[in-house]
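Engineer: Chains as they are written, first to last, in this note's numbering: chain A, 577 to 969; chain B, 7 to 651; chain C, 6 to 248.
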Amino acid sequence: MKSKTDHANPFAGDSTGIQKRETAARWALRAGSYLVVLTTAAIMLHIFVKGAPVVFRSEWPFVNTQFLTELPSQLHVIEDKQGRRYETGVNGADAIKKELGENYRSEKTIAYSGGGILGPIVGTALLVIVSVSVALFLGVACAIYLSEYAKHGKFLELIRLAILNLAGVPSVVFGLFGLGAFVLTAPVFVDVPADRSVLAIPLGFTTLSFEGWDTCVLSGGFTLAFVILPVIITASEQCLQAVPQGFRETSMALGATRWQTIRYSVLPFATPGILTSSILGIARAAGETAPIMFTAALAFKDKLPWQKDLPPLPADASVFAQWEQSLQRFLGIFTESVQALPYHIYTLAAKIPQNEYSERAQYGSVFVFLVLVAALATVSIWMRIHLRKKYRW
Amino acid sequence: MDSSDLPRRPELRNLIIRNRKRTILGFDPQQIIKYFFGANASTAVIVLVLIMIFLVREGVDFLPTNRHELQTYRQAGLEFCDLVDRPLREHQTLSSSLRQCVSAALEPIVKDARERRNAAFLLKTQAEEKAARQREALENALEREPPPAEDQLAALRKDLQTAAAAASQALIYPSLFTAEETALFKAQLAALSPELTDLPPFIQALSAEFMTQDRAAREKYADLVTAQEEFDEAPDDLHELVDELKEQALGAKQSVEESHALAVNRQQLLEAAETTADPDEKASLIKEAEASVGEEVDLTALTKELTARTGELQTQIAAYVESAEKAAASLPDDVGTPDAAALLQKAKKGLPAHVQDMREAATALESWRVDKPVSMLRVIGAFFFGTEWITNSSWQDFFGFVPLLTGSVVIALIAVFIATPISVIAAIYTNQFATDREKELIKPVIEFIQAIPSVVLGFIGISLVGDLIKEFSEVSWLQWIPGFPIQERLNMFNAGCLLAFMAVPTMFSLSEDALNNVPRGYIDASDALGATKLQTVFRVIVPAGISGILSAVLLGLGRVIGETMVVLLVAGNRIAIPDFSAGPGVVFQPAHTLTGIIAQELGEVSRGSSHWQALFMVGIVLFTISLLVNWCARAVARRFESQKA
Amino acid sequence: MDFCYGASRALEDISLDVPYHRVTALIGPSGCGKSTLLRCINRMNDRVPGARVTRGQVRVKGKNIHDADVDLTQLRKQVGMVFQKSNPFAKSIYDNVAYGLRIHGEKNKAVLDEAVERALRHSALWDELKDRLGASALALSGGQQQRLCIARAIATLPDVLLMDEPCSALDPISTLKIEELMSQLAREFTVIIVTHNMQQAVRVSDFTAFLHLGKIIEFGPTEDIFTNPREKLTEDYLRGIFS
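1) Which residues in the same chain have their Cβ closer than 7 Å to the Cβ of V471 of chain B, if we skip the five residues on either side of it in sequence?
2) To the nearest whole angstrom, what separates the beta carbons of I529 of chain B and I552 of chain B, a pair I think is in contact under 8 Å?
3) V546 of chain B versus chain C: which residues are under 7 Å apart at the beta carbon?
4) Between I230 of chain C and T213 of chain C, how many whole angstroms is the CB-CB distance? I'm expecting something under 8 Å.
5) According to DSSP, is N69 of chain C part of a helix, a strand, or is it coil?
6) Going by DSSP in three states, R81 of chain C sits in which element: helix, strand or coil?
7) Sort A:V766, A:N640, A:D771 by Cα distance to G780 of chain A and report the nearest one.
8) Kindly indicate if chain E contains any beta-carbon less than 7 Å away from that of P154 of chain B.
9) Considering E655 of chain A, what are the terminal residues of the beta strand (DSSP E) in which it resides?
10) Within the continuous alpha helix (DSSP H) that includes G139 of chain C, where are the two ends?
11) Starting from the C-beta of I455 of chain B, find all residues in its chain whose C-beta is less than 8 Å away, skip the five residues before and the five after it, and write them out in chain order.
12) Considering only the beta carbon of each residue, do A368 of chain B and Q320 of chain B sit closer than 7 Å?
13) Can you find a C-beta in chain B that's less than 7 Å from the C-beta of F194 of chain C?
14) Going by other Cβ atoms of all chains shown within 10 Å of its Cβ, with 16 needed for buried, is P180 of chain B buried or exposed?
15) Going by alpha carbons, who is nearest to F490 of chain B out of B:A111, B:A125, B:V462, B:E480?
16) Can you give me, in chain order, the residues of the segment 898–924 of chain A that have a beta carbon less than 7 Å from any beta carbon in chain B?
17) Drop a sphere of 10 angstroms on the beta-carbon of E223 of chain C, count the other beta-carbons inside from all chains shown, and report buried for 16 or more, exposed for fewer.
18) Should T799 of chain A and T865 of chain A be called a contact, given that it needs their Cβ atoms to be closer than 7 Å?
19) Helix, strand or coil for D169 of chain C, going by three-state DSSP, please let me know.
20) Would you verify that the beta carbon of V84 of chain C is, or is not, closer than 7 Å to some beta carbon of chain A?
21) Classify S785 of chain A as helix, strand or coil using the three-state DSSP reduction.
22) If we define contact as Cβ-Cβ less than 7 Å, is V75 of chain C a contact residue for chain A?
23) Using beta carbons (cut-off 7 Å, strictly below), is I434 of chain B in contact with chain A?
24) If I measure Cβ to Cβ from F191 of chain B and keep anything under 6 Å in the same chain, skipping five residues before and after, which residues do I get?
25) Since F60 of chain B and G756 of chain A should fall inside the 8 Å C-beta cutoff, what is the C-beta to C-beta distance between them, to a whole number of angstroms?
26) Of all the alpha helix (DSSP H) runs that stay within the bounds of the segment 682–735 of chain A, which reach a length of 4 or more residues?
27) Does the CB of Q151 of chain C have a neighbour CB from chain A at under 7 Å?
28) Output, in sequence order along the chain, the residues in the segment 239–271 of chain B whose CB is closer than 7 Å to any CB in chain A.
29) Could you tell me which of A:M828, A:L760, A:L851 sits nearest to W789 of chain A, measuring between CA atoms?
30) Within its chain, find whatever has a CB closer than 6 Å to the CB of P929 of chain A; leave out the 5 residues flanking it on each side and keep chain order.
31) Starting from R14 of chain C and walking both ways along the beta strand (DSSP E), at which residues does that stretch end?
32) From the beta carbon of D442 of chain B, is the nearest beta carbon of chain C less than 7 Å away?
33) Between F643 of chain A and G692 of chain A, which are expected to be in contact by the criterion C-beta below 8 Å, what is the C-beta distance as a whole number of angstroms?
34) Residues in the segment 826–848 of chain A with C-beta within 7 Å of chain B's C-beta atoms, listed in sequence order?
35) Give the C-beta separation of L294 of chain C and Q150 of chain C to the nearest angstrom, bearing in mind that I take them to be a contact with Cβ-Cβ under 8 Å.
36) Measure the alpha-carbon distance for A330 of chain B versus E236 of chain B and round it to whole angstroms.
Below is the structure:
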């Protein structure tokens, strides 16, 4: 296009030095990035190597069903005089001792390390269900308001500020809040209000007393709900914003009301995204420990939440009374305190001495926990990528 | 159009109009729906306010409660005792460093003998362990009534002998012993039996050898040894006196507390009597209240008893100071090994200050007044600037939060210091250099880190990272790093590393957003001027995104300070201000944190106690810190936006 | 020369000899490939994945700029560019102008000072701004910002200056100033300008190329093209039949 017959190269670079620096810097940056990836991989590998043997077996059914289906218990290790060791739960210990008789030498007990982790798994599942239901309801409603109704102004700014700050509140402070609000103050219907009741409103047949729910699934679930609320709100709002403005305008132009527009032209397109992001909320809720420490979790419990102890009914009890007991047992899934996986891991890691037996329980629990959480996170990340490809407006 | 449409038109119009008029309780349903969502949206605001309310409700009473406690502390004379007792505690530190100095000085002389003796003891224990079952069997048989037949015993003895012989053969004998010694010892170990009560002669000989060496060494450093012993014993009399006074004060405190509890009880009963309607119940309540009166505690008399002994205390202090100074003066200058010399220097430096403190304590005793009220300012100061967090103490609880804050801040700084370069580098690389394939690897992995529960990371810190760091710190060519080799597996550095890992996702994604937001035109302009990629990145893109990166770092800091489980599990939970005189090595000391203390202690205290309230106060502080960090991050980001506009 | 973005051909059979130290205008309807052609000259298209010259050569100063021994940074140093939307860095005025020299390794303060002053004088900004060189470039008005971008581009003393619709985002007065500037710049630089505005092309350029659908329809002295177009297509375009 522009020519002058001059064959010297006017653009020769004296750039070998620069080139070297460029490459070196690029490698340094790359090394930094891969450091993160490799560290993550190393941690995962460590847990996998140590934890998988606890959960999986080399023979049929390949899974250590005992570990996944039993409640945690004390582990008894009994040694006989030939140096053989027998591991057993609480109930088996006496039988073995009797059988050994003279041959019995010593017994060691290791707290929490026997049995399985069914209790913590169930507890975590219940907590997650309660918290995600509450958080999804509040969060999606809030996101709808922010994205569809709110006009610029002080109120909107206030809400956004609050959400930002809520996201930064330390989880242990949420725990304190849950303790003060749900465990000690939330309203319940009782016949006789307790002394600590903040306010008791007599309603005739019963009393609405602000005396708290005590440590139970409901308290923990609500506390966790507020921990994950900012995540859910932000994610839902993004999904709603991603629905093209044209959809709304078309609907409004056809004479639909605001609500009809949201109901039929916005929500259906945003729902997959909202659900996907809420999976990440589930992972977060399942992983938090500090908020449930004082509101729901127990270090040790030998019953599932619906196996509540109730006075035995007289033989001639009416069907109604039987129903009532069943209902009470069922409601145990909300009103009982539970074991939870993260808290169980904390107990195993902090409260008992390290040895080969406790290590097995620790790595087994961590492995199961991590597999659950990782599965949730992976599904969420994968689905988001997938959805992004599918809905490209 | 179909003509049949025409007549339907008015109906349609009616429908629309009717639709518009429909209301619920006089409200437009659209408005109701809007308010419903608006109300939900305000949850965030309400929750934030509720958090504040509940924290304050449970925590704010801390100030009056603690004020009352401090008042009792003063009135019962505990403070009086502490005037002497506190500076006296320094004696222990000094004494222990002198003791360490002595053993360091003796070390080169006695080392071999001691190691030989210890090795012999260790071998004996190992041999015994290996034959333990046979040994136990024999012991049981010997104790049995009636004693078993002789041939049975002989068989058991034979078992034990075989086992012991096998054990003594299987042991690994260190090169500390010569071949003859090894053979001798081996034979003696093989002959171990429960009937022998004495130690094997070889061990006895080694012990004697060690004792001789030790005596010789002590003679060589006689100056040092006597000075140390003198100093160690110097405060014995003073201690005795202080302990006596302390006991007295504690008694007074107890009676004050009892009478206070009774008074509170009485107050409550009277209040209940006020509100109750039933006259009978009222009477009984009042009666009960009247019964709930303790003896009036005569504090002035009690404290007079204490202050009456001021003179005695001062004499004892003077005596102690004199003997301490004498001991200090008689310390030698030369103590052989450099380790010992360093310890000696430390003690010598600490001594004059300690003596000065004790003298001041003696004068402070006179100016102490029992009836001086404890001001609110003092209580606030004791919380925010107090250097001691002591709970469940039989003496006096103190709630000073400086040690916790220091722990939290140091750990957070370590974490940010590590996480910032890594995340920013990763963000720059991913945003500017990475191929698409690399992006697909790095981004999800980092996003995945966010999903790893913190308790799992804490567990990793206990089970893996702690040991790694400890082993690393024992590598000989790394000894130049301050603080190496480390004492504690669980320390601030360990926690900081794990928190850094946790903070990476936050910092990475926000930094990457900031880089993404750099206007396209900047990059075009820089490229068109012939800048290389690296120049464009570091001279244009990073400076343009710097505020966003800063704000990302701040938010990461907020996350790190608020993190609980990792620090609770990994930071070592020692409630003390780290010893900053150790230089950068301070990071390898254990500490406790604001978040950790709440998680650890709240489950074990009763509601409404001062300890409970103090923990909620810590919660209030944490909450405030998180709001502040958020505000700063926003301010930085906002500056960035206004700059771009 | 042919030029493709992936599979779609953006420029076809382009053959153009840009005269030395003159202003050459590229005109044509939107999407005809003016900007692509301009960006070929300093290889700004390299960044677009799949974009490449498929046939022919681009020669600047007699050198095929796609040769392996061409250093991209050197090429771009000598072929400056000004963009449609003014894009000064969020730095001071001085730092903006000095940026190009600095990245090419110039550290001497005196040299930098001199180059900055010269560039600002050339872009007629010196009198307006000499007292506040430390101020942020973003505080300047739109026209000043664009002239600052020109100053930044000429500070490295390039041989060729590419301008991609430099006035399209500016008000008429600023446009006038920049047009005046261009005729002065032609004394020292070879200027190639893409423009939408035919009047502007008449006012500032010595030569004009008319592009349509990736092909050069006509090229010649501006006066000839506008008063006496050879091609029917050019005439239609100039008369406003399509745009």
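Cβ coordinates follow ideal geometry from the N, Cα and C atoms, glycine included.
Remember, it's a predicted structure, so these values are computed and weren't measured experimentally.
Structural biologist: Taking the structure as given:
1) Contacts found: N500, C503, L504.
2) Contact flag wrong, Cβ pair sits at about 16 Å.
3) F94
4) 5 Å
5) strand
6) helix
7) A:V766
8) The chain inventory of the structure shown lacks chain E, comprising the protein chains A, B and C.
9) Run containing E655 of chain A: 648–656, per the beta strand (DSSP E) assignment.
10) Counting along the chain, G139 of chain C falls outside any alpha helix (DSSP H), and DSSP gives it neither H nor E.
11) F507, M508, V510, P511
12) yes
13) no
14) exposed
15) B:E480
16) P918, I921, Y922
17) When all chains shown are included, E223 of chain C counts as buried.
18) no
19) strand
20) no
21) strand
22) yes
23) yes
24) F208
25) The C-beta distance from F60 of chain B to G756 of chain A rounds to 3 Å, short enough to fall under 8 Å.
26) Listed in chain order, the alpha helix (DSSP H) elements of length 4 or more contained wholly in the segment 682–735 of chain A are 694–720.
27) no
28) none
29) The residue with the shortest Cα to Cα distance from W789 of chain A is A:L760.
30) Excluding positions up to five away in sequence, the list is empty.
31) 13–16
32) Chain C, which has no Cβ nearer than 7 Å to the Cβ of D442 of chain B, makes this no.
33) 4 Å
34) Against chain B - using a Cβ distance shorter than 7 Å - the residues of the segment 826–848 of chain A are T833, R834, W835.
35) Because residue 294 of chain C is not part of the residues shown, which for chain C are 6 to 248, the question remains open.
36) A330 of chain B and E236 of chain B: Cα-Cα distance of roughly 8 Å.
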